[in-house]
Amino acid sequence: MSLVTLASSLYHILITNLQGQTLLRGTLENGLYRLPSSCQPSPLRAFFGERTSLECWHRRLAHPTEPILRRLVSTFSLPITSSSLPNICDSCQLGKSHRLHLPKRLESSKT
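Quick note: the sequence shown, position 49, residue 49 per the UniProt record's numbering, numbers continuous.
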């Protein structure tokens, strides 16, 4: 069951609810319908001064190995609170795990 109606012409689109009230109106631009955004753009912010743990950077940067992570921290002067990294994170441990193989032939017991 549809809760909205979609009407389009060559360059315009109109989306209305079941009561006929217009919800969105858009125009065609470069093959896509441009719809107005309901949220206001926020100013861009960067948190260069905020220090975080090496473990957090490890997660943010898609779990690189420790030598690569330390090189990234050094090269890009990433702000860290502690330089110690736990032995291995859970995600890395799961990613490196393998399923056990079944033996090529199963021994059958004769009773």
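Glycine included, every Cβ here is placed at the ideal spot set by N, Cα and C. All of these numbers come straight from a predicted model, not from anything done at the bench.
- By the 16-neighbour rule on beta-carbons within 10 angstroms, H58 is buried.
- Across the set C89, I68, P36, L78, the C-alpha of L78 shows the shortest separation from the C-alpha of R51.
- Taking the C-beta atoms as reference points, L24 is found no nearer than 8 Å to Y11.
- With fewer than 16 other Cβ atoms inside 10 Å of its own Cβ, L61 counts as exposed.
- The residues S53, L54, in chain order, have a CB closer than 7 Å to that of S82 in the same chain once the five nearest residues on each side in sequence are set aside.
- Per DSSP, T52 lies in no alpha helix (DSSP H) and is assigned neither H nor E.
- Under the DSSP definition of a beta bridge, E29 partners with L32.
- Taking the CA atoms as reference points, L6 sits about 48 Å from K96.
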